[in-house]
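Q:
There are 2 protein chains.
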Amino acid sequence: MLNYSSSEENYLKAIYHLQAETGKVTTNALADELNTRPASITDMMKKLSSKGLLNYKPYYGFSLSAEGRKAALIIIRRHRLWEFFLAEKLGFGWDEVHFVAEELEHVSSKKLIDKLDEYLGFPQFDPHGDPIPNSKGKINTTVLVPLAELPINQPAKVVRVANKSTQMLELLGDKKIAIGSVIQVQKRFDFDGSLELRLKPSLTEIISEQLAKNIFVQL
Amino acid sequence: MLNYSSSEENYLKAIYHLQAETGKVTTNALADELNTRPASITDMMKKLSSKGLLNYKPYYGFSLSAEGRKAALIIIRRHRLWEFFLAEKLGFGWDEVHFVAEELEHVSSKKLIDKLDEYLGFPQFDPHGDPIPNSKGKINTTVLVPLAELPINQPAKVVRVANKSTQMLELLGDKKIAIGSVIQVQKRFDFDGSLELRLKPSLTEIISEQLAKNIFVQL
DNA sequence: ATTAATTTTTAGGTTTGTCTAAACATTTAA
DNA sequence: TTAAATGTTTAGACAAACCTAAAAATTAAT
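Going down the list, the sequences are from chains A and B.
Mapping the first sequence onto our numbering, position 50 (from 1) lands on 50, and the numbers just tick up by one.
Our numbering runs 1000 ahead of the 1-based position in the second sequence.
1) Is Gln1210 (chain B) helix, strand or coil when you go by DSSP?
2) Check the Cβ of Ser103 (chain A) against every Cβ in chain B and list those closer than 9 Å, keeping chain order.
3) What separation, rounded to the nearest whole angstrom, lies between the Cα atoms of Gln218 (chain A) and Arg1069 (chain B)?
4) At 4 residues or longer, and completely inside the segment 1077-1115 of chain B: list those alpha helix (DSSP H) runs for me, N to C.
5) Could you round the C-beta distance between Asp1192 (chain B) and Glu1209 (chain B) to whole angstroms and report it? I think they count as a contact, below 8 Å.
6) Let me see if you follow: with CB-CB separation under 9 Å, is Tyr1119 (chain B) close to chain A or not?
7) Starting from Val980 (chain B), find everything on chain A with Cβ-Cβ shorter than 9 Å and list it in chain order.
8) Indicate whether Leu199 (chain A) and Ile177 (chain A) have their beta-carbon atoms separated by less than 9 Å.
9) Quick check on Asn1010 (chain B): does DSSP put it in helix, strand or coil?
10) Can you give me the C-alpha to C-alpha distance between Lys1036 (chain B) and Thr1141 (chain B), rounded to a whole angstrom?
11) By Cβ distance, which residues of its chain are closer than 7 Å to Thr204 (chain A), with the 5 residues on each side in sequence left out?
12) What is the rounded straight-line gap between the Cα of Ile1152 (chain B) and the Cα of Leu1172 (chain B)?
13) Whole angstroms are fine: how far does the CA of Ile1132 (chain B) sit from the CA of Ser1194 (chain B)?
14) Does the Cβ of Asp130 (chain A) have 16 or more other Cβ atoms within 10 Å, making it buried, or fewer, making it exposed?
15) Just reading off the alpha helix (DSSP H) that Ser1040 (chain B) is part of, what are its end residues?
16) By Cβ distance, which residues of its chain are closer than 6 Å to Asp1074 (chain B), with the 5 residues on each side in sequence left out?
17) State the DSSP-derived secondary structure class of Lys1024 (chain B), mapped to helix, strand or coil.
18) Could you give the C-beta distance for Leu1018 (chain B) and Ala1029 (chain B), rounded to a whole number, given that I count them as a contact under 8 Å?
19) With DSSP collapsed to three states, give me the class of Ile1015 (chain B).
20) So, using beta-carbon positions, are His1079 (chain B) and Glu1102 (chain B) closer together than 9 Å?
21) Which runs of the beta strand (DSSP E) at least 3 residues long sit entirely within the segment 128-182 of chain A? Give them in chain order.
22) Can you determine whether any heavy atom of the ligand GTP sits closer than 8 Å to the C-beta of Ser1005 (chain B), and answer yes or no?
23) For Lys70 (chain A), which three-state DSSP category applies?
24) Spatial neighbours of Leu1086 (chain B) within its chain, please: CB distance less than 7 Å, with the 5 preceding and 5 following residues excluded, ordered by chain position.
25) Of all Cβ atoms in chain B, is any one closer than 9 Å to the Cβ of Phe92 (chain A)?
26) How about Leu104 (chain A) and Leu1104 (chain B): do their beta carbons lie closer than 9 Å?
27) For Tyr1221 (chain B), name the three-state secondary structure that DSSP assigns.
28) Distance cutoff 9 Å, beta carbons only. Does Glu228 (chain A) sit that close to anything in chain B?
29) Secondary structure at Leu1203 (chain B), three-state DSSP: helix, strand or coil?
30) Could you check whether the Cβ of Glu1096 (chain B) sits closer than 9 Å to any Cβ belonging to chain A?
31) Kindly indicate which residue of B:Asp1174, B:Leu1211 and B:Val1182 has the alpha-carbon position closest to the one of Val1161 (chain B).
32) Quick check: is the beta carbon of Lys1013 (chain B) nearer than 9 Å to any beta carbon in chain A?
33) Do Glu1088 (chain B) and Pro1123 (chain B) count as a contact pair if the criterion is CB distance below 9 Å?
34) Counting only beta-carbon atoms, is Lys89 (chain A) nearer than 9 Å to chain B?
35) Name the chain A residues whose beta carbon is nearer than 7 Å to that of Lys1024 (chain B)?
36) What are the boundary residues of the beta strand (DSSP E) that Phe1191 (chain B) is part of?
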């Protein structure tokens, strides 16, 4: 198993995420995601493609090779296992785990990660509901329904939140929405896409369309 | 609290250890400890002294400032807490923990380390018996007796091993010596300094002087 | 007390990962 | 369908952390 620098790992991860979320990976989108300049992206793309981790032709965009994808999933595995550890064992809030896991994910010992996985009881999802790849880099990719698209009066369970910002997680806390919450959409306001949710028989909340797009449910 | 690069942290730690073990810190000794060239040491000494972490005058050697010492102890704290975690919670062997902790120690979140400390039950010693500094950087410095200097027939408990190499830990495993073992020196062979130890009424072992110098006991 | 050996520092390079500014391609709009 | 806007790449610099080779300072030996 090869070893990559922290920078290389961050690029691989960012490419994977952009590919999964928006379908296409462009120089500017990556620069934006990684808070770097487009020129730095071009440089790193050359490097990673020379290592066979991605397919790249100038001006034609890029995508992860099979090897690059696998490397990205290993890094994502580390990240999510550490997030689980921080939340479950050390009592971190789900809005705090991401930042610390960004550092821990670059510790590269495979044995460490596999032992940690075992110690944690082979968890399937991180605290935000994202699936944790297994030690071979295989990931469970169930397609989930964004709350914004849930039919009226159809009960469903919150299983994932897509945005990890403190701001969003604070808002969710305020609305009493967490992973596992069972929700029903009582009304959809077409004007702005906002939703009236029923959380418990006696508890309803109004949420914006923007928030609803970041909450994923399972029927 | 300031933040240092992994390299800076490794230098601080190495200086601390050399200072504690041999009393003096020279350019060559440090280069040796860190597997770098003397020229690199000089470069970094300039950098660290300009940051106020050590006292340095060309050709006059160097020593940690109060701030540098505190920084070093924070890094050592992280290292030893991770070692404890790896051994205690993940089931790593004591010969495996050092290497992985070398990476984990550079993750800089103070909250992470303090929560980890709490989770582990505020351990006082790492798996090799080295004391773990507290969150303020204070370290317990009991002076211990090397087994090589233990009087004949005086029972004592093994509390620390100074060398962390796989080779030494393998040898200790073979001789059935571990932290906590109660030992008596039955005979000292002046020719080569080797010792005949009594581990249990029915178990004696011969060890070299070199090994005996790396084992520390408490009466 | 010179000379020799050793240690430390300086001078000048290299690699990695970043940057700015300018050039080049592609896409969009008039 | 050419011009403008946008997106991407190249060219050249820079800082961090390392290196080699040579110079300078210190220490040891005759």
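Using N, Cα and C, we set each Cβ at its ideal position, and we do this for glycine too.
Quick caveat, the model's predicted, so the values are computed rather than measured.
A: Here's the rundown:
1) Judged by DSSP in its simplified three-state form, Gln1210 (chain B) adopts helix.
2) Checking the displayed sequence, the identity of residue 103 (chain A) turns out to be Glu instead of Ser. Those are His1106, Val1107, Ser1108, Ser1109 and Leu1112, listed as they occur along chain B.
3) 54 Å
4) 1097-1104
5) Between Glu1209 (chain B) and Asp1192 (chain B) the Cβ distance is about 6 Å, and since that is below 8 Å, they are a contact.
6) yes
7) As displayed, chain B neither begins before 1001 nor continues past 1219, which places residue 980 (chain B) out of reach and without an answer.
8) yes
9) helix
10) It should be pointed out that residue 1036 (chain B) corresponds to Thr in this sequence rather than to Lys. Thr1036 (chain B) and Thr1141 (chain B) have their C-alpha atoms spaced approximately 30 Å apart.
11) Gln186, Glu196, Leu197 and Arg198
12) 21 Å
13) Taking the straight line from one Cα to the other gives about 31 Å.
14) buried
15) Pro1038 to Ser1050
16) For the sequence presented, residue 1074 (chain B) should be read as Ile rather than Asp. Same-chain partners within the cutoff: Gly1137.
17) coil
18) 6 Å
19) helix
20) yes
21) 156-161
22) Among the components modelled here there is no ligand, and therefore nothing to report on the ligand GTP.
23) In the structure shown, Lys70 (chain A) sits in a helix (DSSP, three-state: H, G or I).
24) Same-chain partners within the cutoff: Phe1092, Val1097, Val1100 and Ala1101.
25) Residue contact with chain B for Phe92 (chain A): present (Cβ-Cβ distance below 9 Å to some residue of chain B).
26) With a cutoff of 9 Å on beta-carbon distance, Leu104 (chain A) and Leu1104 (chain B) are scored as near each other.
27) No statement about residue 1221 (chain B) is possible, as the shown extent of chain B runs from 1001 to 1219 and does not include it.
28) Residue 228 (chain A) is absent from the model: chain A starts at 1 and stops at 219.
29) Looking at Leu1203 (chain B) - three-state DSSP - the assignment turns out to be strand.
30) yes
31) B:Leu1211
32) no
33) yes
34) Between Lys89 (chain A) and chain B, the shortest Cβ-Cβ separation is below 9 Å.
35) Correct list: empty, because the minimum Cβ distance to chain A is about 33 Å.
36) Looking at the DSSP string, Phe1191 (chain B) is not in any beta strand (DSSP E), and its letter there is neither H nor E.
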